[in-house]
Structures are given as structure tokens and as C-alpha cells.
DNA sequence: CTGTTAGCGCCTTCAA
DNA sequence: TTGAAGGCGCTAACAG
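Chains as they are written, first to last, in the UniProt record's numbering: chain F, 1 to 339; chain G, 1 to 339.
Given below as C-alpha cells:
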């Protein structure tokens, strides 16, 4: 059907090897022949079959990217940036959307990327078995989430510092009843919610504020979950005057819940998010900003470097800067408290 | 390094052909042998090399998905849904993020998907040359954007009807100065902005409202662009009392601009969006809802069907339902008009 | 600088 | 029901 390397070779009157060398820019081909080959290849619309060349060379020029939810802003943004780095370097991206436990399980048992990719970027946090499965691929591994783990290059942020800056901000404003909307750690083996929770507890403790379990609710890292969680918190006998949400999407859900209850941020309740979602500014959300796209790009670059220099010891952990962005959803508590 | 089909064959004491047949569930293998092969394969962690099998069979079990901006909510959501359909059916997804003209050009000249995919789902609208390039791949083609085009199955919405419902809603509320924030059609060869504009002009005409060019501004389909566009409109000698934005992201930018000008929707200006973005509800945005994920899923399904039934004539155009969702950013104009 | 010779790992006839 | 042989299209030695 489509032209093969032999068609080109025949048309030019050289051997297939020469065509192969010429088209891949390898040395050992006269300029004259190289030009003729390029011309004929273009005219025939020849593109080397990736299957055949990777079978022969062992290189796939493909990167596997594992994502929990492509549609979620954070992951979409990381993926976008990473893909650009990969494609610029001549690599294709094989995308695996592993949101549900079933797809995830199927992926890790069948491991369809085996012999198919030169490296893997995981935007989800593999548990120990999954990590081992990925390591068994024998290719460079990186992730933008979770803590350090053997065999992986991790590009991330200081979750503790980020959380501390958010909660301290609320404390400094004078809040004493500070709630938290966290994300389920559930099947994701995600340490982020836990680390952020610990930091939250520590800041409360250092401020001499007693922790109240009724001030914590799970928001599942979604807008809807955030709304539910805020609704829960508002139903407490003594609701919080401020809330730290572990993600902007949950914070936005919280804002929606407030609106539904005819309450306002920051007048009735202050709200801080985490991420600096592209729409955080639209709703005026105070939040902890992290460089999302940059994390994806950096992880991609580190992976490519490992591919280029197979010998070198890759960096284990790269920390990106975070900063608190003050907007309009936080203020001192009302003199008399809500209501 | 990793186990090959021969390793499995040897370990079981059968030939490679039998292993191949057994593992792919083809007939002609006794149950007893099949079970033994399955066991050994699992134990050895054997996965067939995709490169080798597609080289031999001609099937890649891979779908190419072309996306202009993975990080944009609309595309991320479509991709998410499509990927789920593909992976459930046993296909992998090769992702191409073709936002910039350069990446796009490189993609269409080199066409790296040649011989690499069984089908292509394009979330961007190819121009005529690009369409021809894709057709030259000789695989089923689908898209979720733009109008009907030869060789493609199109899953979309009725842009005209959607726009009409939005603009008529504003007219019915009593607005006469109705602005529009549109998206650049620029290098994307996107007919959507044009169709929506035509529908907008038609509704104005049918309502006997004279069109005022100063009431149109370009928002580039981004939040920032929407903000700029709204700012522009507000600077007009007679600013609009209502604005139709061609996407929710631009509408949200418009809301931000209003806030910056200490104006409110709908008190000072009514705003309608298009898409029903997941956060539209958070900001109370009235909008034209379209089934975004469903479009991706449906397009994916239609592509798979073409792969299953190579003979059948694929549907050319599938229309998905839209509906106007009334929220809190639209209301009748103020008795005296703004200011 | 160029051609020849072997595979890469699997699937698909065709025989048995 | 199974095995043997050949080839998918390309790349990597090795010659020349």
C-alpha cells in the first residue's frame, strides 16, 4: 500500500541501508545521494514504519504517560506541557488514562507499554507493586506527584511548605476555627493529602489552636466533592470561619456551597485553595500557586536527558517553588463570628 | 531481556505459533494447552511486543488523537472520554498536541502516524491539505469539531441552534445592545466562530436590532482573551447591556473584566457563555450546554465500529443535543441602561 | 561511501 | 490440534 524503504531504494537506485542512513541523518552518505533520496522519499510520501524500525533498533521513540484524569485541569496542564517537550524532541506520546481502579489494574497487570516505550512519565502515584511493575520495564521513570521512590525521578513541590503558608495566612488573619477540605487518599496511594493534613495540624498546634475533627471533611478533589464537604462543615454545631481546601477545584466547590447557603467569602467564611487553577483568578480565590505546566515540562526534560545519557545518575527529586497568592476570598473573621 | 514468545513456547514445550494463537484467543488450541500457556506466560510476565505484532499483522491497535490544546477543558474532557472508549476496546492512544502552527505543520508534513495507527480522531479542524494528508493514511477518520468533510465522521452539535437560543434569550429579556465575544478563526480553520457569528447576526436581524460592529470583540477562546474583549466592549461609546461569549472560558474572562471595572453580572451587563464548563455552575454562568464528553465517546465508538466493520458505510454526521442552561448572569437590562 | 547479510519478535499461511 | 517456514519493514553489523 504505502511506500516502503525498498520502493525508495529502488527508485533512487541504491540499497535500503543507504536510504535508511540518509533519512536518519547518519554519516556515511554522500550529499548528492542524500539529496536524491530525500527528494524521492518526499515525492513518494515515504515515512519509515515505526513498528519495523523499533523492532529492528529496540528504540521506540515513544514515551508512555500515565494520567489519572486527563480532563482535570491539573493533569491536563501537566500533560500538555510534557507532550510539547517530548514531541519537540521527536518522541511520540502514548497516553494511558487510568482513572478507575479497573483500568488501572488492567494496565498494571498487562503492562501494555512493555517493549513499547523508551520511558514512562507517571502523573499518578504508583503503589509499591505498581512501582515494581514499572521498574520491571527497564526504562527511565519519572513522576510529578508523590514522594521520592526508588527508580523514579520526582518533580514536585513542597506540600508541607505550601500548606503551611496557606494555613498560617488564615491564622494571621485572626481565624481560630479553621476547617480543611481534603482529598480522599483512597485507592490512589496518594501521600499528598496526608502531608498536607499533617502540615495543617502542625500549624494549628503551633498557633495553640485545638484541633476539632468536625472541621475536616473530604472533598474528593472534585468541585462537587468540595461543595459537599463545605456543606458538611457548615452544618457543624460551630462552623469554621475559614477553610483551607487542598485543591482549587474543591475550593471552588466550597464557594458554590457558600453561595447556595447565601453566605459569602470572605465575609462569612474565608477560603484558601491550592494550585492556582487558571480560573482561580476569575473567582478571586486566594490560593497556593504551584508551577503546574513547568513541572510537566521539567519531568519530561529529565526523562529525555536520561535517554540521552544512559550512564548518568538521574536526579532523584526536584523541588519547584510555590507561593501564596492573595486574592479576595480571605479576610479577618467577623468580629462576632458568623451569624 | 524480557521474555519473548519463544521463551514461553520453549517453557511450555510447544511452538511459538501455538503460543501466539493461544494468547490471542484464536481457535485451534486445546483447552489444556491453552491453560498451560496462559500460566507460563503470566509467570514469565510475557507481553507480546506491539512493534513485532503490528509489523507482522498490519494492525497496530493504536488510535491517533490530534488535539489543539490538551490543557483546555473542552479538549481535555473530550480526550478523556474518547481514551476510555478506546482503551476499553483494547486500543492504545497516541496523543499529538498540535497547538502551535509549527508543531502542526511538522505533524502534517512528516505524518508520524503513518503505519502507526489504525484510525485517527482529530479534535482540531484540518484544512483541506491537512484533511487530504489524513485521508492518505488510509484509515478511518473522525472529528468532534467543524463541519462535514469528505472522509470524516463528524460528531458535533448544532452551533447555529445553540447560538440562537443564547442570543434569543438575551433578546427576550429585553436587551437591544447585545455584544459578542468571539474566538479567532485564525490559523485553526475553524468554522465554529463563523457559524456562531452568523447565527448571532441573524437573531439580531430577526429582532429588528441593528448590528453595531463596536459590539464585537475577539476573545481568542481563552480566559485572558475574554477579559480583554470585555474590557474593549466596555470602552465603547455605548457599551452593551448583554454579551454572548462563544465559550465559557471567554465568558469567565468577561466576568473577571466586569469585576475589575466594579460592574456586576447581571446587574450591569448580562453574560451568556457556551459549553457548560464544569465551573460554569460555580460562577453562576448562564450558558449553552453541550455534551462534551459524550461527543468524544461517541466519536470513538464510531471509529471502533468502522474498524470492526470495514465494509459498512460510516455515518457522516452525528448531531448531539444542546440546551440553554439558565443561571445567574442574565437578567433584563436596567430600566435606565448602564450608568 | 555503499551494499550485503542477518536478524528484531511476531503472525500467517500451509502441511502434517 | 499443532508445527514449520516465510515474511512484515527496517536497522546494524560487516564487507568492500
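No residue lacks a Cβ here, since even glycine has one placed at the ideal position from N, Cα and C.
Subject >> Reference residue 237 of chain G, options G:251, G:218 and G:212, closest by Cα >> reply: Nearest Cα to residue 237 of chain G within the set G:251, G:218 and G:212: G:212.
**OP:** Excluding the 5 residues preceding and the 5 following residue 332 of chain G in the sequence, name in chain order all residues of the same chain whose CB lies nearer than 7 Å to its CB.
**Re:** Beyond the five residues adjoining it in sequence on each side, residue 332 of chain G comes within less than 7 Å, by CB distance, of 173 and 174 in the same chain, given in chain order.
**OP:** Report yes or no: do three or more beta-carbon pairs, one from the stretch 97-114 of chain G and one from the stretch 96-112 of chain F, lie closer than 8 Å?
**Re:** no
Original post:
Using a Cβ-Cβ distance under 9 Å, would residue 6 of chain G count as near chain F?
Top reply: The C-beta of residue 6 of chain G comes no closer than 9 Å to any C-beta of chain F.
**OP:** Mind checking which residues open and close the alpha helix (DSSP H) that includes residue 95 of chain G?
**Re:** That residue, residue 95 of chain G, is in no alpha helix (DSSP H); its beta strand (DSSP E) goes 92-97.
Original post:
Between residue 55 of chain G and residue 315 of chain F, what straight-line distance do the alpha-carbon atoms span, to the nearest angstrom?
Top reply: 36 Å
Original post:
Which partner residues of residue 320 of chain F appear in the DSSP bridge assignment?
Top reply: F:157
Original post:
What residues from chain F crowd round residue 23 of chain G, counting only those whose CB sits closer than 9 Å?
Top reply: The premise fails here: residue 23 of chain G is roughly 11 Å from chain F at the closest Cβ pair, so nothing lies under 9 Å.
Original post:
Is the closest heavy atom of the ligand FMN to the C-beta of residue 19 of chain G under 8 Å?
Top reply: Absence of the ligand FMN from the depicted structure is noted, as is the absence of any ligand whatsoever, leaving it without description.
**OP:** Check the Cβ-Cβ distances between residue 348 of chain F and every residue of chain G, and say whether any is below 9 Å.
**Re:** Residue 348 of chain F lies beyond the stretch modelled for chain F, which goes from 1 to 339, so this question has no answer here.
Original post:
Any C-beta of chain F sitting closer than 9 Å to the C-beta of residue 123 of chain G?
Top reply: no
Subject >> Where residue 222 of chain G falls: helix, strand or coil (DSSP) >> reply: Here DSSP, grouped into helix, strand and coil, assigns residue 222 of chain G to coil.
Subject >> Near-chain G residues of the stretch 233-261 of chain F - C-beta to any C-beta below 9 Å >> reply: 249, 252, 253, 255, 256 and 259
Subject >> Own chain partners of residue 232 of chain G with C-beta closer than 6 Å, once the 5 adjacent residues on each side are dropped >> reply: 217
Original post:
Looking only at its own chain, which residues have a Cβ that is under 7 Å from the Cβ of residue 76 of chain F, when we skip the five neighbours before and after it?
Top reply: 70
**OP:** Consider the Cβ of residue 83 of chain F: report whether some Cβ of chain G lies at a distance smaller than 9 Å.
**Re:** Closer than 9 Å: yes.
Original post:
Excluding sequence positions up to five away, which residues of its chain have a Cβ less than 6 Å from the Cβ of residue 93 of chain G?
Top reply: 63, 65, 83 and 86
Subject >> residue 216 of chain F - DSSP class collapsed to helix/strand/coil >> reply: When DSSP states are grouped into helix, strand and coil, residue 216 of chain F belongs to the strand group.
**OP:** Give the DSSP-derived three-state secondary structure of residue 109 of chain F in the structure shown.
**Re:** helix
Subject >> Beta-ladder partner(s) of residue 63 of chain G, from DSSP >> reply: G:93 and G:119
Original post:
Do the stretch 310-327 of chain F and the stretch 317-336 of chain G meet, that is, are 3 or more Cβ pairs less than 8 Å apart?
Top reply: no
**OP:** Please name the residue in F:296, F:180 and F:312 whose C-alpha comes closest to that of residue 239 of chain F.
**Re:** F:180
**OP:** Please report how far the alpha carbon of residue 343 of chain G lies from the alpha carbon of residue 88 of chain G, in whole angstroms.
**Re:** This structure cannot settle anything about residue 343 of chain G, because the visible part of chain G is limited to 1 through 339.
Subject >> Best match in F:74, F:234 and F:81 for proximity to residue 124 of chain F [C-alpha to C-alpha] >> reply: Distance check between residue 124 of chain F and each of F:74, F:234 and F:81 places F:74 closest, using alpha-carbon atoms only.
Original post:
Roughly how many whole angstroms lie between the Cα atoms of residue 338 of chain G and residue 269 of chain G?
Top reply: With a pLDDT of only 44 at residue 338 of chain G, under the threshold of 50, the placement of this residue in the model should not be trusted; the figure read from the coordinates follows. One C-alpha to the other measures close to 8 Å.
Subject >> Assigned secondary structure, residue 275 of chain F (DSSP; H/G/I helix, E/B strand, else coil) >> reply: Residue 275 of chain F: strand per DSSP, three-state reduction.
Original post:
Nearest chain G C-beta to residue 87 of chain F closer than 9 Å, yes or no?
Top reply: Yes, residue 87 of chain F counts as interfacial toward chain G.
**OP:** Note down the Cα distance separating residue 253 of chain G from residue 97 of chain G, rounded to an integer number of angstroms.
**Re:** 24 Å
**OP:** Could you name each continuous beta strand (DSSP E) segment of 3 residues or more that falls completely within the UniProt domain "HTH lacI-type" (3-57) of chain F, going from the start of the chain to the end?
**Re:** none
Original post:
With C-beta atoms as the reference, is residue 307 of chain F less than 9 Å away from residue 119 of chain F?
Top reply: yes
Original post:
Under a CB-based cut-off of 9 Å, is residue 112 of chain G close to chain F?
Top reply: yes
Subject >> DSSP beta-bridge partners of residue 287 of chain G >> reply: Partner(s): G:273 and G:325.
Original post:
For residue 296 of chain G, is the classification buried or exposed, using 16 other Cβ atoms within 10 angstroms of its Cβ as the cut-off for buried?
Top reply: buried
**OP:** Please look up how many angstroms separate the CB atoms of residue 225 of chain G and residue 250 of chain G, rounded, as I've assumed it's under 8 Å.
**Re:** 6 Å
**OP:** Indicate the three-state DSSP secondary structure (helix, strand or coil) for residue 78 of chain G in the structure shown.
**Re:** helix
Original post:
Looking at C-alpha atoms only, which residue of F:259, F:228 and F:265 is the closest neighbour of residue 241 of chain F?
Top reply: The shortest C-alpha separation from residue 241 of chain F is found at F:265.
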